[in-house]
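Heads up: the sequence shown runs through residues 136 to 306, numbered per our numbering.
Don't be surprised by glycine CBs; every beta carbon is placed ideally from N, CA and C.
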Amino acid sequence: MKSRILLTVGFTLVAVTCGVAFSLIDYQRGTEVYVKAASENLRSGPDGEILGSLNKGTSMVVLEDSPKWVKVRLEGWIWKASLTDSKLALAGNVYRALQIIVKDRATADKVLRRLRAGEDFENVAREVSIGPAAKRGGDLGYFKKGDFKPELETAILNLKPGQISEIIQTE
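So, in structure tokens, the structure goes:
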């Protein structure tokens, strides 16, 4: 026969059943709580994907309480260069490029001279490009191999970060 013993330790109510303790504390929304284990996983939901690991003493605020899980909000700072606003960028082997589209070769030559003279690519793109990405400074966003026509993709993949290509003729 399993015995169930209720113990009062300070103001913490703990139920001990066959040597396993479960907290019977109900955390109210907005309560600040701390990790007491040396390390604890932060998950997307109960039994969900592990999002990261939190060290002992990490502070967080309770958003929601359930019998075995507590939904929390963390607050802190992270190095900006370590972030992206695109999940696609996390997929590996993705690229990002800027593009200026003009109607004729003469305009393309003028634009290329301006860029090589040091003018800001995004500003020039907003000013002269007739492409759909002009308002975004020519930013095509993230893409993978195979997303563009071969002649454009080859030119992009042969560039180093910050490098400007030669003029590429497309239809």
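- One alpha carbon belongs to Leu247, the other to Lys238, and they sit about 14 Å apart.
- The Cβ-Cβ distance between Ser174 and Asn190 falls below 7 Å.
- Non-local beta-carbon contacts of Arg251 in its own chain, meaning distances under 8 Å to residues more than five positions away in sequence, involve Ile299 in chain order.
- In chain order, Ile235, Ile236 and Gly273 place their CB closer than 6 Å to the CB of Ser264, counting only its own chain and leaving out the 5 sequence neighbours on each side.
- Boundaries of the alpha helix (DSSP H) around Asp244: Arg240 to Arg251.
- A residue is called buried once 16 or more other Cβ atoms fall within 10 Å of its Cβ, and Ala260 is buried on that count.
- In the DSSP annotation of this structure, the continuous segment of the beta strand (DSSP E) that includes Glu167 starts and ends at Glu167 to Tyr169.
- For Phe256, the enclosing alpha helix (DSSP H) stretches over residues Phe256 to Val263.
- Around the CB of Ile291, 16 or more other CB atoms lie within 10 Å, so the residue is classed as buried.
- Contact check for Val196 and Val207: beta-carbon distance about 6 Å, within the 8 Å limit, so the pair qualifies.
- Relative to Pro181, the option among Ala241, Phe278, Gly187 and Lys203 whose CA is nearest is Lys203.
- DSSP places Ile299 in the coil class of the three-state scheme, outside both helix and strand.
- Taking the Cα positions, Val229 is about 39 Å away from Val168.
- Under DSSP, Leu233 takes part in a beta bridge, and its partners are Asp274.
- DSSP, read as helix, strand or coil, puts Leu186 in strand.
- If you draw a 10 Å sphere on the C-beta of Ala241, you find fewer than 16 other C-beta atoms in it, and that means exposed.
- 7 Å or more divides the Cβ of Arg249 from the Cβ of Tyr277.
- Residue Thr305 holds the alpha-carbon nearest to the alpha-carbon of Ala243 among Thr305, Tyr162, Gly165 and Lys295.
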